[in-house]
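K.L.:
The structure's right below; bear with me while I get my questions together.
Residue numbers (this note's numbering), protein chains in the order written: chain A, 2 to 323; chain B, 4 to 1146.
And the structure:
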């Protein structure tokens, strides 16, 4: 496989050419790539060994597909997708064949699977401002909880908090199921970032974080790296990316730090698996990588536009034509 | 509407000129409404109102003067009488007083056109009658500029519009259909556009939001033409247009046919139509801020705000069949006070069937770009190439990129170096490089210590590599000067260090011995020699003592048996009464605990040196740990580093990690790398020594290694990460990472699938499987490792017999045979060749020399050391030893020869009660060792015997011996828990095999203050050094491929191998291939063989093992077997395994 460690910080090892793209997500192991696009399909590629084999072409949506999300493999191969047709479809692979497992209507903008510790639970944000939580209860049954008007005008993104038990970040006494508090963060057209917490089976607004002056386009809760700090990144139409941190175990005091003010809409933020690097992608088609230095300052560690320079270093890339 | 930066969204309305509403109200006012979408009611709140003297023709809300909080700005109104008034909207909303900021009546006629510059928000363009165009600077409102000379003939200006991309371009249009584009830098018109075919009234003109060169003119004609595109659908004249700034594919138009249409101006297609009443709509505008909203002002005095998005706002109920939702109605803005009812639109019957409002989602909801991280440091990115306005209706092809993100370049570099060192086994080079590059003295010290560890390690390796080639006797025929290899370790330290001290001691001894050798038959020496030749030890000792040769005396006394030794020591001590006698007696009595516990910490070095030199192997590790613990408790960083040195000496990986982690930052990748480098060196040293894996038991170490593996994984080094993950851990986090790494590796099926790290939950069944961690097979694996580790305690002893490597002959002492290789885990195969039968035969080719009358204890082989680990109760009737390890020094100890040895495992409970017991080893009778040979080589051999001096001086022993059950001392040191985590058991680590401590006897000479005799180690050291030097050479570049291919093959097999036996074979193979690499370094292989090897390597690379084996057979059959015997067999084994595993 092709790994280059020289600068620039990343190089393209392979690429696919497919139709207009709205999301692309690797599965848990980084061996399969799910993409969704305006052609209403969700495609799954096997990208192991430098190849790009189309293994599934999921059709069922009636509009552009906005987002895909892989569930943890302990539940099998499960993928959720949401589309402009206001449907969320949960797909499952059985014996190599992908099929619809569940379909939920009314949500379109964002899907995110909860940590596996919580079971199979999916949060869906909708442009009508509602957030729904779908929990698999077994036997093909899904329990739906809906938070109406979570964000005025629309909810653009949801992201789960890592499964951490408040107060004790060290090992749990084994044997007992840890008493996780389920939390997630959402961002919407009301310029707000909101934190939600489940209490007694009910979802309640926990925090309201205000800093953005325009639509919040994406939110990302950083994976836990064993530190007691919770970290959230949010990006907005106003070009700003904020890093929210909370050292307080109760999760009540959040402080915002401006990562950067871009000149264009910032569409997406994504944390690395280890939670130390943040990838920010904006309307200027640039992906920048950010890392926190020892003194707590965020610095851009890479500023490479794809397609400029890096691509040419690879000779054996393949293309899949639509 | 308020500007984009403004929030909340306000709508400013001015009483329009020209039109009269039904009430014929002639008052004029400026009103501001707030659109609060969280308010479920559809009414807009009136936030402020200001009566104006004149009705307004145009109104614009500019960013100028807007506060950072997004409020404020300026409202500019152009009135019917030519007055241009600037208002402060905040003041309008607050009180109404002082709201007028500036006013100018430069214009002579009604100001119909206003537009502010999108780049410089202080610039405002206004157009009025008589071709009047003024550019206003809101900072200096009194003196407007003109874009150039007035166009002729003078006409009304109906529209002015700034270019959206180029800030100094302005366009104006007049009702006659002429448009002028001005360049303000040149102050002149640059383009004049007119539509000669139609003399039509131009009512609208807009620049393309994204393309600087496109201008759209709306002609007040149903079928107006424009050069680029004609939008035809309205049946009557168009009143207003608005181009969405958020999506250039959305253009609104309102016309006299009462319709409001939304176009895709690129295709000319009407995307949808808004529902309207039967009124002309004279103004449509997109909300600059919320791109989904648009306002429409109609002549019935109603402003309607629509949303092009669906949604479940209350307004959704207004959703109509034509997919338009009207979000809001508004109050009558003209002050009639009459609240108009919301739009009455027939409600669709099926409210649930919500259809997307736009067939094609508008641009602002289409995510154009994205980047998301995936496991292994992969970054998935896609983008939307910035294209000129999509001329093509088909979807734009986009690419998805999978990138490898590596941010920790230094970390990776160092990690690769470490990995290379670990794989190639060239620890010495690695440590030496580290010493040279050490940034601090403390760092350097640690690496020096580690070097010593690895050095001992390579000695161990040397055992196998040089087996049978040279006898110790051969070695001593050289002089030290000839043997310049001593320089290697010497060069490692700038300051005298204890290993250097040791080395110097060894050197001194060497001199002494060679001197002895040289004067073999002269005078006293001759006499001594003669005495020795006839086996008269006592006589020889006497001769030596009288001659002042205390060292020889002691040496010989050792060989001569306990009684003789005791006597000799007594004689010596009675003669010596000087300052060092205390130290000597401490040395002799082996009482180091007091020193360790009470010495000044500043003297830790000396204490450690003394320990290294003298401490009993059983106690050494514990004593080191005690010393380390004291240093660590001191708390300062310096002390902790010193403590680390102690832990390195004791081989206590866990304590090293804990101590290091406590005082050095390990959270950063490089900090972690610092730690892992050291830990791995130490761990590998111990592993090599025990010839088995050292399981990671300490949670801190496990955590650090997991963290390290996590970083490696994040940087894309998946397979390397795998190697660092603690084996056999049932911690969920580690198991998950292992599983993830396994599946993520691109080369699939490089090994068998690890046990599932998590319970797969069947989502198609009702009940998830209950949690059941640690399946049975895992327990089995654990057990295997325990056995291995347990046995490994024996290895150092058996493997360390000095004669064993040199003389793979059966030995008279029956040493190795006392512990026949216990099954497959016994590393005899790679250390001492074939298992040795217990028969007595000649070591070193010398005839056996039975020594009647001499107690055999002096010849107890070092294999008996492990017996110290056993409960002494296995020897009923034997005198109670001072130390468990002293067992073998009991005078004639026949019971030792009989009865099965209690398994080691029972002495140290390992792996908990569930762990399978280690097989008891039947102990064959110890053959009476021959004594009395005077051959120098034999002499050395004998001196491997360890004789605790406690027996010589029992009175100063710290351990009360009387009355203690024989199991006492041993039991007291037995601690529950795994052997390698208990300090007491640490003695089974490599330190045991350190020559000085294990085999030390005390030689006291007049001119050497302290001399440590370390004969076996010495011999091995000497033995090893040439090889060590050779190893420093590089493998020729053209042969490196052999090494990389074979190493990776072994590695692949190791990952894939399931059963412990295969694993062990492979571990062995990894070491034995070292011979091959040595030969490659020496360039001593013939062409034929090299060609064959390369051919095999190619076969291996292509995974054609069958062919590889054929080539192998050819090479073997056509070559000098002795040349290849060291490595070819193992190569075959590896290929066979590889073939079987299908890697």
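The beta carbon of each residue, even a glycine, is placed where N, CA and C say it ideally should be.
Out of 113/A, 144/A, 202/A and 62/A, which has the shortest C-alpha to C-alpha gap to residue 187/A?
P.N.:
Residue numbering aside, residue 187/A sits at position 186 when the first chain is read from its first letter. Comparing Cα positions, the closest option is 113/A.
K.L.:
Taking 8 angstroms as the CB-CB cut-off, is residue 273/A touching chain B?
P.N.:
Counting from one through the first chain, the residue named residue 273/A turns up at place 272. Closer than 8 angstroms to some Cβ of chain B, the Cβ of residue 273/A qualifies, so yes.
K.L.:
Would you report the Cα separation of residue 270/B and residue 366/B, rounded to the nearest angstrom?
P.N.:
Position 267 of the second chain, counted from the first residue, corresponds to residue 270/B. Position 363 of the second chain, counted from the first residue, corresponds to residue 366/B. Cα to Cα, the separation comes out at about 15 angstroms.
K.L.:
If you count every other CB in all the chains shown that lies within 10 Å of the CB of residue 1039/B, and 16 or more means buried, which is it?
P.N.:
Working through the second chain from its first residue, we reach residue 1039/B at position 1036. It counts as exposed.
K.L.:
Give the secondary structure of residue 111/B by DSSP, where H, G and I count as helix, E and B as strand, and everything else as coil.
P.N.:
Walking along the second chain from the start, residue 111/B turns up at place 108. Three-state result, residue 111/B: coil.
K.L.:
Please list the residues of the region 244-268 of chain A that have a C-beta atom closer than 8 angstroms to any C-beta atom in chain B, keeping them in chain order.
P.N.:
Of all residues in the region 244-268 of chain A, 268 have a Cβ within less than 8 angstroms of some Cβ in chain B.
K.L.:
Does any residue of chain A bring its CB to less than 8 angstroms from the CB of residue 421/B?
P.N.:
Residue 421/B sits at position 418 when you count from the first residue of the second chain. Residue 421/B does not count as touching chain A.
K.L.:
Short of 7 angstroms in beta carbon distance, which residues of its chain neighbour residue 240/A, apart from the five on each side in sequence? Order them along the chain.
P.N.:
Within the first chain, the letter at position 239 stands for residue 240/A. Once the five neighbours on either side are set aside, the close Cβ partners of residue 240/A are 262, 263, 264, 265, 266 and 267.
K.L.:
Does the distance from the C-beta atom of residue 1156/B to that of residue 1056/B stay below 8 angstroms?
P.N.:
Coverage of chain B is limited to positions 4 through 1146, which leaves residue 1156/B absent and any answer about it impossible.
K.L.:
Please classify residue 120/B as buried or exposed, where buried requires at least 16 neighbouring CB atoms within 10 angstroms.
P.N.:
Against the second chain, residue 120/B aligns to sequence position 117. The residue is buried, with at least 16 neighbouring Cβ atoms inside 10 Å.
K.L.:
Check whether the region 279-298 of chain A and the region 725-741 of chain B are in contact - that is, three or more C-beta pairs closer than 8 angstroms.
P.N.:
No, because fewer than three Cβ pairs between the region 279-298 of chain A and the region 725-741 of chain B fall closer than 8 angstroms, the two stretches do not touch.
K.L.:
Would you report the Cα separation of residue 714/B and residue 677/B, rounded to the nearest angstrom?
P.N.:
Taking the first residue of the second chain as 1, we reach residue 714/B at position 711. Taking the first residue of the second chain as 1, we reach residue 677/B at position 674. Computed Cα separation, rounded: 14 angstroms.
K.L.:
Would you mind stating whether residue 1136/B and residue 22/A have Cβ atoms separated by less than 8 angstroms?
P.N.:
Translated into the one-based positions of the second chain, residue 1136/B becomes position 1133. Translated into the one-based positions of the first chain, residue 22/A becomes position 21. Cβ atoms of residue 1136/B and residue 22/A: not closer than 8 angstroms.
K.L.:
Whole-angstrom Cβ separation of residue 425/B and residue 683/B, contact assumed at under 8 angstroms?
P.N.:
By 1-based counting over the second chain, the position of residue 425/B is 422. By 1-based counting over the second chain, the position of residue 683/B is 680. The Cβ separation is near 6 angstroms, so the contact holds.
K.L.:
In angstroms with no decimal places, state the Cα-to-Cα distance between residue 256/B and residue 265/B.
P.N.:
As a working note, residue 256/B is residue 253 in the second chain. As a working note, residue 265/B is residue 262 in the second chain. Between residue 256/B and residue 265/B, the C-alpha separation is close to 6 angstroms.
K.L.:
Any beta-carbon of chain C closer than 8 angstroms to the one on residue 707/B?
P.N.:
No chain C is part of this structure, whose protein chains are labelled A and B.
K.L.:
For residue 1067/B, is the classification buried or exposed, using 16 other Cβ atoms within 10 angstroms of its Cβ as the cut-off for buried?
P.N.:
Along the second chain, one-based indexing puts residue 1067/B at 1064. Buried, by the Cβ-count rule.
K.L.:
What separation, rounded to the nearest whole angstrom, lies between the Cα atoms of residue 103/A and residue 80/A?
P.N.:
As a first step, residue 103/A is located in the first chain; it is residue number 102 there, counting from the start. As a first step, residue 80/A is located in the first chain; it is residue number 79 there, counting from the start. Rounded to whole angstroms, residue 103/A to residue 80/A spans 11 angstroms at the Cα level.
K.L.:
Give me the subset of the region 20-47 of chain A whose CB atoms are less than 9 angstroms from a CB atom of chain B, sorted by chain position.
P.N.:
Within the region 20-47 of chain A, the qualifying residues are 20, 21, 22, 23, 24, 25, 26, 27, 28, 29, 30, 31, 32, 34, 36, 38, 39, 40 and 46.
K.L.:
Could you name the residues of the same chain whose beta carbon sits closer than 6 angstroms to that of residue 111/A, not counting the 5 residues immediately before and after it, in chain order?
P.N.:
Reading the first chain from its first residue, position 110 is the one you call residue 111/A. Excluding positions up to five away in sequence, the list reads 68, 126, 158 and 159.
K.L.:
Go through its chain and collect everything with a Cβ distance to residue 3/B's Cβ below 6 angstroms, but skip five positions before and after it.
P.N.:
In this structure chain B extends from 4 to 1146, so residue 3/B is not present and cannot be described.
K.L.:
By a C-beta neighbour count over all protein chains shown, 10 Å radius and 16 as the cutoff for buried, is residue 1076/B buried or exposed?
P.N.:
Indexing the second chain from 1 puts residue 1076/B at position 1073. Result: buried.
K.L.:
Check whether the region 246-260 of chain B and the region 284-294 of chain B are in contact - that is, three or more C-beta pairs closer than 8 angstroms.
P.N.:
Cβ pair count under 8 angstroms is three or more, so yes.
K.L.:
Ignoring anything shorter than 4 residues, give me the alpha helix (DSSP H) runs that lie fully in the region 75-150 of chain B, in order along the chain.
P.N.:
Fully enclosed alpha helix (DSSP H) runs of 4 or longer: 92-97.
K.L.:
What is the DSSP secondary structure of residue 88/A, counted as helix, strand or coil?
P.N.:
Position 87 of the first chain holds residue 88/A. It is a strand residue.
K.L.:
What residues match up with residue 137/A in a beta bridge as DSSP calls it?
P.N.:
By 1-based counting over the first chain, the position of residue 137/A is 136. Paired residues: 143/A.
K.L.:
Do you know offhand how far residue 301/B's Cα is from residue 62/B's?
P.N.:
To locate residue 301/B, count along the second chain from 1; it is residue 298. To locate residue 62/B, count along the second chain from 1; it is residue 59. Between residue 301/B and residue 62/B, the C-alpha separation is close to 16 angstroms.
K.L.:
Ignore the nearest five residues each way along the sequence and tell me which others in residue 171/B's own chain have a CB closer than 7 angstroms to its CB.
P.N.:
In the second chain, residue 171/B corresponds to position 168, counting from 1. Result list for residue 171/B: 186, 187 and 188, in chain order.
K.L.:
Can you list the residues of chain B that residue 288/A reaches, using a CB-CB cut of under 7 angstroms?
P.N.:
For this step, residue 288/A is matched to residue 287 along the first chain. Going along chain B in sequence order, the residues near residue 288/A (Cβ under 7 angstroms) are 374 and 384.
K.L.:
Would a C-beta distance cut-off of 8 angstroms place residue 191/A and residue 154/A closer than the cut-off?
P.N.:
On the first chain, residue 191/A is found 190 positions in, with the first residue counted as 1. On the first chain, residue 154/A is found 153 positions in, with the first residue counted as 1. The answer is yes: Cβ separation under 8 angstroms.
K.L.:
Quick one: is residue 442/B buried, meaning 16 or more other Cβ sit within 10 Å of its Cβ, or exposed?
P.N.:
If you number the second chain from 1, residue 442/B lands on position 439. Label assigned to residue 442/B: exposed.
K.L.:
Which of the three DSSP states is assigned to residue 723/B in this structure?
P.N.:
Indexing the second chain from 1 puts residue 723/B at position 720. If DSSP states are grouped into helix, strand and coil, residue 723/B belongs with the helices.
K.L.:
Candidates 50/A, 218/A and 274/A: which alpha carbon is nearest residue 379/B's?
P.N.:
Your numbering for residue 379/B matches position 376 in the second chain. With distances taken between Cα atoms, residue 379/B lies closest to 274/A.
K.L.:
Taking 8 angstroms as the CB-CB limit, is residue 235/A close to chain B?
P.N.:
Here residue 235/A refers to the residue found at position 234 of the first chain. Not one chain B Cβ lies under 8 angstroms of residue 235/A.
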